[in-house]
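Report on one structure; see the data block that follows.
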Amino acid sequence: MQTTDQLETLLAGLNDPQREAVTYGEGPLLILAGAGSGKTRVLTHRIAYLVATGAAQAGEILAITFTNKAAAEMRERAELLVGRRVRAMWVMTFHAACARILRAHADRLGYTRQFTIYDQADSRRLIKRCMEAANVDPKRFTPAAIHSQISDAKNRMRDAEAYAQMVGSYFEQTVANVYTGYERELHRANAMDFDDLLGRTVNVIELFPEVRSAYQDTFRQILVDEYQDTNPVQYRLLELLSGERRNLTVVGDPDQSVYGFRGADITNILSFEEQFPDAAVIRLEQNYRSTQTILDAANAVIANNRGRKEKQLWTELGEGDPIHVRELDDEHAEARFVVGEIQRLVDAGASLSEVAVFYRTNAQSRVLEDTLVRAEVAYQVVGGTRFYERAEVKDAIAYLTLLVNPQDAGSFSRIVNSPRRGIGVTSVARILGYANTLGASVWEVAAEPASVPGLGAAAIKAVGRFMETMVALRERATSGEASVAPLLGAVLDQTGYLEALRAERTIEAQGRIENLEELVNVASEYDATEGEERSLSAFLQQLSLVADADTREDDKGVVTLMTLHNAKGLEYPIVFMIGCEDGIFPHSRAIEEGALEEERRLCYVGITRAQRDLYMTCARQRTVFGAHGYAVPSRFLGEIPDSLTDRGEQQARGRAGFRERLTSWPASGPAATAETGGQSLRVGRARANPEPPAFALGEDVSDSKFGEGTVIGLEPGGIVVVRFRRDGSERKLLSQYAHLSRR
DNA sequence: TATAAGGGATTTTTT
DNA sequence: ATCCCTTATA
Numbered sequence: 006m007q008t009t010d011q012l013e014t015l016l017a018g019l020n021d022p023q024r025e026a027v028t029y030g031e032g033p034l035l036i037l038a039g040a041g042s043g044k045t046r047v048l049t050h051r052i053a054y055l056v057a058t059g060a061a062q063a064g065e066i067l068a069i070t071f072t073n074k075a076a077a078e079m080r081e082r083a084e085l086l087v088g089r090r091v092r093a094m095w096v097m098t099f100h101a102a103c104a105r106i107l108r109a110h111a112d113r114l115g116y117t118r119q120f121t122i123y124d125q126a127d128s129r130r131l132i133k134r135c136m137e138a139a140n141v142d143p144k145r146f147t148p149a150a151i152h153s154q155i156s157d158a159k160n161r162m163r164d165a166e167a168y169a170q171m172v173g174s175y176f177e178q179t180v181a182n183v184y185t186g187y188e189r190e191l192h193r194a195n196a197m198d199f200d201d202l203l204g205r206t207v208n209v210i211e212l213f214p215e216v217r218s219a220y221q222d223t224f225r226q227i228l229v230d231e232y233q234d235t236n237p238v239q240y241r242l243l244e245l246l247s248g249e250r251r252n253l254t255v256v257g258d259p260d261q262s263v264y265g266f267r268g269a270d271i272t273n274i275l276s277f278e279e280q281f282p283d284a285a286v287i288r289l290e291q292n293y294r295s296t297q298t299i300l301d302a303a304n305a306v307i308a309n310n311r312g313r314k315e316k317q318l319w320t321e322l323g324e325g326d327p328i329h330v331r332e333l334d335d336e337h338a339e340a341r342f343v344v345g346e347i348q349r350l351v352d353a354g355a356s357l358s359e360v361a362v363f364y365r366t367n368a369q370s371r372v373l374e375d376t377l378v379r380a381e382v383a384y385q386v387v388g389g390t391r392f393y394e395r396a397e398v399k400d401a402i403a404y405l406t407l408l409v410n411p412q413d414a415g416s417f418s419r420i421v422n423s424p425r426r427g428i429g430v431t432s433v434a435r436i437l438g439y440a441n442t443l444g445a446s447v448w449e450v451a452a453e454p455a456s457v458p459g460l461g462a463a464a465i466k467a468v469g470r471f472m473e474t475m476v477a478l479r480e481r482a483t484s485g486e487a488s489v490a491p492l493l494g495a496v497l498d499q500t501g502y503l504e505a506l507r508a509e510r511t512i513e514a515q516g517r518i519e520n521l522e523e524l525v526n527v528a529s530e531y532d533a534t535e536g537e538e539r540s541l542s543a544f545l546q547q548l549s550l551v552a553d554a555d556t557r558e559d560d561k562g563v564v565t566l567m568t569l570h571n572a573k574g575l576e577y578p579i580v581f582m583i584g585c586e587d588g589i590f591p592h593s594r595a596i597e598e599g600a601l602e603e604e605r606r607l608c609y610v611g612i613t614r615a616q617r618d619l620y621m622t623c624a625r626q627r628t629v630f631g632a633h634g635y636a637v638p639s640r641f642l643g644e645i646p647d648s649l650t651d652r653g654e655q656q657a658r659g660r661a662g663f664r665e666r667l668t669s670w671p672a673s674g675p676a677a678t679a680e681t682g683g684q685s686l687r688v689g690r691a692r693a694n695p696e697p698p699a700f701a702l703g704e705d706v707s708d709s710k711f712g713e714g715t716v717i718g719l720e721p722g723g724i725v726v727v728r729f730r731r732d733g734s735e736r737k738l739l740s741q742y743a744h745l746s747r748r
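Taking our numbering, the leading residue of the first sequence gets 6, the next gets one more, and so forth.
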């Protein structure tokens with residue numbers, strides 16, 4: 006118990022509802038936190054308050070988020086309030102908490118504690134295999150469609166058996182068949198997918214009363230962030246963990262529920278009061294982020310949704326500037342407008358890092374990127390291919406995974422012929438099939454390749470050599486020596502993986518090598534961390550739950566580009582929302598499926614990211630999938646009152662296109678100056694400095710691997726494009742690494 | 001068994 | 001337009 010002074014310090018600077026939320030006593034609590042209303046602040050202060058008043062020990066707090074980034078932020082900010090006691094708290098994602106619980110109890114469900122976690126791509130590969138096994142026509146149903154159906158079933162706690170009970174169409178019957186096989190194969194591989202982490206945790210808690218009561222005792226206080234994004238399993242999990250005590254604090258904003266398409270159930274937050282009739286509800290409506298104009302626009306748009314929990318955001322920050330709405334000719338003009346405007350703002354003193362551009366679909370970034378590159382404005386794209394999704398990184402991880410989980414057929418088939426060892430798909434299928442027949446693990450079967458029926462002599466030899474290497478590596482991995490980085494180095498080396506990449510000597514291969522070096526760095530960092538049990542399998546589990554090496558940098562002085570979905574939780578002084586056209590945003594598929602309200606919430610999310618300046622643009626014509634089309638401004642634009650925008654002003658001038666032309670970027674010429682009155686261009690970080698080319702265009706060259714060829718292109722960064730005579734191939738080589746010589 | 005040409009799809013994605 | 005995957009071929 007702390008002194009009153011200390012408690013007062015905790016509460017200082019909080020507004021009334023925030024203070025009420027922080028100090029609320031026992032029982033369920035729903036905090037409806039509007040955008041920018043300080044919900045993380047409330048959560049962390051509540052955590053500190055609970056500890057300070059003795060309502061819970063640090064070790065009795067479970068604070069759940071959806072992303073690692075949010076968990077890290079919460080942990081940091083809680084540490085500022087409670088100090089090192091934060092170490093005892095469970096501040097982590099749903100999946101990480103479940104993985105931790107399962108590492109202790111998965112054996113009760115027939116898994117080992119080294120179980121592998123399959124990410125979406127792993128799952129999809131397995132689904133595909135199961136579809137083949139069940140003779141499903143891949144033309145008729147895609148693995149993605151089937152996986153999403155299975156995932157949806159898992160989110161609703163329907164196992165394969167329950168699903169099969171209620172099929173109503175041929176598609177569902179097909180899914181049921183694949184689902185059954187998929188579950189069997191997952192379990193055989195001692196693997197769980199992301200959905201299983203949640204579902205199996207629920208299973209273990211439901212099935213074993215002693216496990217249940219242990220965790221119910223441990224977690225005296227449970228707090229959940231972004232509650233509007235929870236799905237039915239997560240609800241069940243919270244219900245089980247909070248137990249009789251029901252000290253459950255959930256924070257969220259139903260208007261920011263934008264993940265319904267992946268199973269999030271907005272009714273969790275909308276019906277919280279029915280599910281917990283004694284719940285207190287606190288609304289945080291004061292916004293500390295945006296101007297009143299921006300908030301009014303957001304309020305106006307979201308008001309068109311039905312069945313909401315009413316909420317009116319307000320601020321003391323003042324009215325601010327009107328929202329800039331622009332209609333441009335096409336996506337190129339739109340991009341030029343955005344870039345020109347960014348340059349104008351920068352000239353007026355803004356920093357590029359204050360600017361973000363949001364779009365509905367990733368494909369929209371391309372035109373914008375081209376325009377930014379031409380204008381030499383530095384930018385970063387958030388999302389896209391992530392570090393741990395790169396093939397070489399996944400390969401390296403699969404090698405390690407197979408070493409700790411020799412049952413993992415997925416990892417085995419991923420790397421057995423990577424690098425090429427002359428073990429093709431047929432041979433792999435024979436090995437997997439034989440393992441299936443025997444009910445043995447892939448490892449055991451591969452260790453005796455000669456006994457696999459139908460395996461050719463060459464394949465037997467190749468598999469034998471592969472397994473020789475793997476057995477040696479496994480001995481090393483299980484010898485009790487805990488350092489991961491040296492082991493990873495040995496894997497990359499002894500399996501010939503690095504050698505094969507080096508032999509390619511292409512710019513792409515060089516990039517892959519660098520990625521692998523980065524992975525070794527990640528491993529070294531892991532090796533150096535203190536506390537907790539460090540082991541290869543713990544490392545791998547940690548990796549599998551960190552999808553992104555979080556590439557976004559806030560202070561790099563670059564413009565940030567991302568999808569609206571990725572924008573959730575962020576804020577920028579200046580925001581551009583591009584492609585505000587019906588069919589793009591709201592997306593045509595969403596319109597077809599009647600998912601307009603979720604699109605509108607996405608619009609609400611986008612608008613409320615802006616602190617000071619908000620631009621919304623649309624194009625009259627746009628090329629989609631290579632086809633020209635005319636576009637209509639987004640219905641969401643129409644939902645914003647004209648009085649909040651500069652549309653009237655634009656019309657009053659009677660020359661809507663005039664200003665655009667003034668600030669637009671000339672269609673060509675990288676060094677062109679914007680026609681904005683002769684200001685000098687602010688140029689961002691140069692993207693690549695061309696080195697003096699070692700080779701000249703048209704020069705005849707010779708490469709030790711590809712033979713003779715001709716230089717047909719030179720690109721910045723010392724990249725030489727060569728067409729080789731032998732096979733007519735065009736390859737990009739990095740002159741610095743390539744074994745290239747003049748003839 | 002490994003590489004080249006055709007065909008079809010194509011939203012968003014915290015883990 | 002583009003990417004990915006299947007199919008055809010050396």
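We put the beta carbon where it would ideally sit given N, CA and C, even for glycine.
Asked: Contact check, residue 339 vs residue 624, beta carbons under 8 angstroms; Found: yes
Asked: Straight-line gap, residue 411 to residue 447 (C-alpha atoms, nearest Å); Found: 7 angstroms
Asked: Rounded separation between residue 401 and residue 319 - CA only; Found: 51 angstroms
Asked: Spatial neighbours of residue 35 in its chain, beta-carbon cut-off 6 angstroms, leaving aside the 5 residues before and after; Found: 255, 277, 284 and 286
Asked: Inter-residue Cα distance where the pair is residue 580 and residue 346; Found: 11 angstroms
Asked: Short Cβ contact (8 angstroms threshold) for residue 317 with residue 274; Found: no
Asked: Neighbourhood of residue 24 by C-beta distance below 6 angstroms, restricted to the same chain and skipping five residues each side; Found: 16
Asked: Of the residues 444, 248, 109 and 213, the one placed nearest residue 192, counting alpha carbons only; Found: 444
Asked: Beta-carbon spacing of residue 587, residue 525 below 8 angstroms; Found: no
Asked: Contacts around residue 604, its chain only, beta-carbon distance under 6 angstroms, and the 5 residues preceding and following it disregarded; Found: 591 and 595
Asked: Nearest neighbour of residue 327, chosen from 311, 646 and 87 [CA to CA]; Found: 646
Asked: Contiguous beta strand (DSSP E) assignments of at least 3 residues, all confined to the segment 603-651; Found: 615-624, 626-629 and 632-635
Asked: Other residues of its chain near residue 91: CB distance less than 8 angstroms, five sequence neighbours each side excluded; Found: 63, 80, 83 and 84
Asked: Spatially closest choice to residue 269 from 231, 572, 299 and 305, by CA coordinates; Found: 231
Asked: Coil, strand or helix - residue 65 by DSSP; Found: helix
Asked: Continuous beta strand (DSSP E) stretch holding residue 198: start and end; Found: 196-198
Asked: CB contact flag (residue 427, residue 463, <8 angstroms); Found: yes
Asked: Nearest-angstrom beta carbon gap, residue 126 and residue 186 [assumed within contact, 8 angstroms]; Found: That pair is no contact at about 19 angstroms.
Asked: Three-state secondary structure (DSSP) of residue 355; Found: coil
Asked: Environment of residue 201 [buried if 16+ CB atoms lie within 10 Å]; Found: buried
Asked: Contact between the segment 363-371 and the segment 559-571 (3+ Cβ pairs under 8 angstroms); Found: yes
Asked: For residue 155, the nearest candidate out of 147, 146 and 165 (CA to CA); Found: 165
Asked: Between the CA atoms of residue 130 and residue 182 - distance to the nearest angstrom; Found: 16 angstroms
Asked: One or two residues paired with residue 257 in a DSSP bridge; Found: 37
Asked: Own chain partners of residue 635 with C-beta closer than 7 angstroms, once the 5 adjacent residues on each side are dropped; Found: 625 and 626
Asked: Where residue 661 sits in the DSSP three-state scheme; Found: Confidence in residue 661 is poor, its pLDDT being 43 and thus under 50, which makes the residue's placement too unreliable to answer from.
Asked: Close Cβ partners of residue 506 (< 6 angstroms) along its chain, the five nearest in sequence each way excluded; Found: 514, 517 and 518
Asked: For residue 588, the three-state DSSP class (helix, strand or coil); Found: strand
Asked: C-beta atoms of residue 98 and residue 71 nearer than 8 angstroms; Found: yes
Asked: Alpha carbon of residue 378 to alpha carbon of residue 355, nearest angstrom; Found: 19 angstroms
Asked: Residue 616 vs residue 294 beta-carbon contact at 8 angstroms; Found: yes
Asked: For residue 578, the first and last residue of its enclosing beta strand (DSSP E); Found: 577-582
Asked: Sequence-distant residues of the same chain with beta carbon closer than 7 angstroms to residue 540, five excluded per side; Found: 487
Asked: Cβ-Cβ distance between residue 122 and residue 104 below 8 angstroms; Found: yes
Asked: Meets three-Cβ-pair contact criterion under 8 angstroms: the segment 447-460 and the segment 172-182; Found: no
Asked: Closer than 7 angstroms: residue 599 CB and nearest the ligand MN heavy atom; Found: By its list of ligands, the structure shown contains no ligand whatsoever, and the ligand MN lies outside what it can speak to.
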